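Start counting at 1 in the sequence shown, then tack on 1, and there's your number in this note's numbering.
A virtual CB, placed ideally from N, CA and C, is assigned to each residue, including glycine.
Since we're looking at a predicted model, the values are computed, not measured.
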Amino acid sequence: MSRFLLLLLVCACAGSLVDHSGAGGPCPDGKLKCANGCCNATELSAGTSHTCAVAGEEARCWGANDQLQLGHASQDSYVPVKADVPGKVSAIAAGAAHTCAIADGKVWCWGDNTYGQVGNGNTTGPAKPQEVAGLSDMEFLAAGGGHTCAASRSKMVCWGRDDFGQLGNGGSLGEQHLEPTTVINVDALVKIAAGDAHTCAATGSGVLCWGQNSSGQLGSGAASPPSSTPAPVSPALSATFLGLGANHSCAGTGSGDLYCWGANESEQVGMSGGSQPSPQKVRSGVVLVVGGLAHTCAVRTSLQTMRCWGSNGPQLGSAGGEENQDQVQLPPGVVIIKAAAAGSRHTCAVVDDNVLCWGLNDRGQLGTDSAITASTAKPTAVSGR
């Protein structure tokens, strides 16, 4: 996710658009409205200044809406609103200012379409979800600064901005594709993830990355020119989960070891020093990792604790202190953390089936009124209105 995450969007204070698309009245804070009343979130994703979730097999988004990335022609909204995606939503991905979802194997996108990242064959940004033609049986989804990728277990496609080869089709740099183009050299896919202008995939043969590499975010062993050809990180790494930030990358193994590489000016890779162009082991006992502009968060194997590190701000969710400076101060008695997402300068997680967010809230991306809470390091429940 650097250009798009570094961009400070013009503030339009988040309004209080009440979502009437669910059954009944307001839900308890932390729960999301859905057709059946109040539902738990099962998936989370965060863009520059907006956040989205899957709840009750529906897509719900909140925060900035200047590019219609909420899937609703309205103002910014700290109240989660429904994006009208036909079918049962199983995955969601928030890019810089666009959003995509998978429903019944098909991909739907909306919001900013400057580079064709919505995949509708033009550069007009739709207010409502539009289907990306020609895709079926998709399982994985990722959205970056100006590009989007989707994959089944056997095939991966990307579309949108391709100035650094982030689409992975082996073609010339500087292009953009308004419709899906096939990623080469990948199969047996396990996970995919997108940064600002780079992309990675965990496959049966290891982790491969492509795109921008100015900070070593491809993990090739050196900060080198960009590449449109997916190539293994060096040394080779087998992973079961991924998390990409703007210009850094992380991957976790089946045994819980976490490796990170790339930009490290704020120690978002998890160690001191400059950029790290090769995977470095930074944590153990990890089952989930997410990356933002210059911060990283990981859920521990116990599923009861979460740690964040990197750019020092409220997005780390830390109360500070010598011993717990990177531990998110979640409510006491946490049983399980099921999902997480990191935006530019905010972070969210599904904690005991409640959506909690912390960090910058200038556009309502935390799901709370920005006029009351402009930012907070305290994990706060998303509005149930």
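Quick one, which of 80, 298 and 60 has its alpha-carbon nearest residue 288's?
Against the sequence shown, residue 288 aligns to sequence position 287. Of 80, 298 and 60, the residue nearest in Cα terms is 298.
Can you tell me the Cβ-Cβ gap for residue 252 and residue 208, rounded? I've got them flagged as a contact below 8 angstroms.
Reading the sequence shown from its first residue, position 251 is the one you call residue 252. Reading the sequence shown from its first residue, position 207 is the one you call residue 208. About 5 angstroms; that satisfies the 8 angstroms criterion.
Are the stretch 328-336 and the stretch 352-368 touching, with three or more C-beta to C-beta distances below 8 angstroms?
yes
Contiguous beta strand (DSSP E) assignments of at least 3 residues, all confined to the stretch 319-358:
338-343 and 347-352
Residues in its own chain within less than 7 angstroms of residue 195 by CB, not counting five upstream and five downstream?
Here residue 195 refers to the residue found at position 194 when the sequence shown is read from its first residue. The answer, listed in chain order, is 143, 144, 145, 148, 150 and 245.
First and last residue of the beta strand (DSSP E) that includes residue 272?
The count along the sequence shown starts at 1 and reaches residue 272 at position 271. Careful: residue 272 lies outside any beta strand (DSSP E) and carries neither H nor E.
Reduced DSSP category for residue 294 - H, G, I as helix; E, B as strand; rest coil:
Counting from 1 along the sequence shown, the entry for residue 294 is found at position 293. Three-state result, residue 294: coil.
DSSP three-state call for residue 236: helix, strand or coil?
As a working mapping, residue 236 is identified with position 235 in the sequence shown. The answer is coil: DSSP assigns residue 236 none of H, G, I, E or B.
Quick one: residues in its chain with C-beta nearer than 6 angstroms to the C-beta of residue 385, no 5 flanking neighbours on either side, listed in chain order?
Translated into the one-based positions of the sequence shown, residue 385 becomes position 384. If we look at residue 385 and ignore the five residues flanking it on each side, its Cβ neighbours are 27, 28, 29, 30 and 32.
Please report the residue range of the beta strand (DSSP E) in which residue 95 lies.
As a working note, residue 95 is residue 94 in the sequence shown. Segment 90-95, the beta strand (DSSP E) holding residue 95.
Using the Cα positions of residue 322 and residue 373, report the straight-line distance between them to the nearest angstrom.
For the purposes of this step, residue 322 is taken as residue 321 along the sequence shown, with counting starting at 1. For the purposes of this step, residue 373 is taken as residue 372 along the sequence shown, with counting starting at 1. The predicted model places residue 322 with a pLDDT of 45, which falls under 50 and marks its position as unreliable; any figure quoted below should be read in that light. Cα to Cα, the separation comes out at about 27 angstroms.
When you compare the CB positions of residue 190 and residue 178, do they come within less than 8 angstroms of one another, or not?
In the sequence shown, the residue the question calls residue 190 occupies position 189. In the sequence shown, the residue the question calls residue 178 occupies position 177. No, Cβ-Cβ distance for residue 190 and residue 178 is not below 8 angstroms.
Nearest-angstrom Cα distance between residue 364 and residue 176?
By 1-based counting over the sequence shown, the position of residue 364 is 363. By 1-based counting over the sequence shown, the position of residue 176 is 175. Distance between the alpha carbons of residue 364 and residue 176 is about 32 angstroms.
Identity of the residue in 153, 44 and 295 nearest residue 267 by Cα
Taking the sequence shown and counting its residues from 1, the one referred to as residue 267 is at position 266. The option with the nearest alpha carbon to residue 267 is 295.
Whole-angstrom C-beta distance between residue 290 and residue 259, which should lie under 8 angstroms:
Here the question's residue 259 lines up with position 258 in the sequence shown. Here the question's residue 290 lines up with position 289 in the sequence shown. So it is a contact: roughly 6 angstroms between Cβ atoms.
Within the continuous beta strand (DSSP E) that includes residue 86, where are the two ends?
Locating residue 86 in the sequence shown gives position 85, counting from the first residue. First-last for residue 86: undefined, no H or E at that position.
Could you give the first and the last residue of the continuous beta strand (DSSP E) run that contains residue 190?
As a working mapping, residue 190 is identified with position 189 in the sequence shown. Start and end: 190-195.
Given residue 223 as reference, the closest of 280, 255 and 173 once Cα atoms are compared:
For the purposes of this step, residue 223 is identified with residue 222 of the sequence shown, where counting begins at 1. Per the Cα distances, 280.
Straight-line Cα distance separating residue 377 from residue 332
Position 331 of the sequence shown holds residue 332. Position 376 of the sequence shown holds residue 377. Spanning the two alpha carbons is a distance of roughly 15 angstroms.
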